[in-house]
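Notes follow once the structure below has been shown.
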Amino acid sequence: MDSPTVEPVTAMPEVSPEAIEGTSENGAAMEEYYKLQRELLIGSLVVSLVIFLSVWAAYSLNTALSYLLGALVGIVYLRMLAKDVATLGNGKQQLSKTRLALFVAIFLIGARVQQLELLPIILGFLTYKAALIFHTLRAIAKPNP
6 MDSPTVEPVT AMPEVSPEAI EGTSENGAAM EEYYKLQREL LIGSLVVSLV IFLSVWAAYS
66 LNTALSYLLG ALVGIVYLRM LAKDVATLGN GKQQLSKTRL ALFVAIFLIG ARVQQLELLP
126 IILGFLTYKA ALIFHTLRAI AKPNP
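If you're matching positions, the sequence shown starts at 6 in my numbering and goes up one per residue.
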């Protein structure tokens with residue numbers, strides 16, 4: 006009975022230059038995405054702190070803390086959204102809906118707790134959008150190389 010012979014593999018499989026090029030383009034695009042993500046998170050933090058101090062000076066500490074709570078939850082929401090978007094192409098076809106629970110929870114907490122004010126919480130939550138608007142305006146104003 007003849008036994009099959011197995012030849013040893015002596016060379017590494019060839020990788021096409023197109024595959025390597027696609028990987029580097031993907032890596033560069035993801036690096037640019039992570040840079041944008043950091044920029045938006047830092048911008049949201051800065052805008053939130055400036056508005057928090059302004060609200061504290063103009064209104065009461067209670068109102069300012071309600072705003073700050075909403076702003077921090079908005080930043081967490083933005084971070085969750087960014088992570089979800091980063092994994093979108095890797096076998097994932099749609100975004101998850103768990104972020105909505107975060108907004109509903111902060112809304113319910115704001116409505117139930119007597120010391121918190123609902124309107125500043127909601128406006129604080131929406132503060133992350135200011136960083137998105139600033140980034141968009143800056144991208145429009147900056148000429149493409």
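Every residue gets a Cβ at the ideal spot worked out from N, C-alpha and C, and that includes glycine.
Values in this document were obtained by computation on a predicted structure and should not be read as measured data.
Would you give the residue range spanned by the alpha helix (DSSP H) that residue i belongs to?
i: residue 64; result: Counting along the chain, residue 64 falls outside any alpha helix (DSSP H), and DSSP gives it neither H nor E.
i: residue 134; result: 133-146
i: residue 92; result: Element bounds for residue 92: n/a, residue is neither H nor E.
i: residue 105; result: 103-117
i: residue 123; result: 123-130
Determine the direct distance from the alpha carbon of residue j to that of residue i, and round the result to whole angstroms.
i: residue 33; j: residue 63; result: 45 Å
i: residue 104; j: residue 147; result: 32 Å
i: residue 48; j: residue 117; result: 30 Å
i: residue 119; j: residue 135; result: 28 Å
i: residue 91; j: residue 46; result: 15 Å
i: residue 145; j: residue 139; result: 10 Å
i: residue 87; j: residue 66; result: 31 Å
i: residue 114; j: residue 78; result: 12 Å
i: residue 89; j: residue 143; result: 25 Å
i: residue 85; j: residue 129; result: 17 Å
i: residue 41; j: residue 80; result: 14 Å
i: residue 44; j: residue 93; result: 20 Å
i: residue 95; j: residue 38; result: 15 Å
i: residue 122; j: residue 68; result: 6 Å
i: residue 124; j: residue 102; result: 24 Å
By a C-beta neighbour count over all protein chains shown, 10 Å radius and 16 as the cutoff for buried, is residue i buried or exposed?
i: residue 137; result: exposed
i: residue 30; result: exposed
i: residue 76; result: buried
i: residue 111; result: buried
i: residue 71; result: buried
i: residue 100; result: exposed
i: residue 36; result: exposed
i: residue 55; result: exposed
i: residue 106; result: exposed
i: residue 60; result: buried
Compute the beta-carbon to beta-carbon distance between residue i and residue j, rounded to the nearest angstrom, for a pair I have assumed lies under 8 Å.
i: residue 57; j: residue 82; result: Incorrect: roughly 17 Å between the Cβ atoms, too far for contact.
i: residue 141; j: residue 53; result: Contact flag wrong, Cβ pair sits at about 18 Å.
i: residue 126; j: residue 74; result: 6 Å
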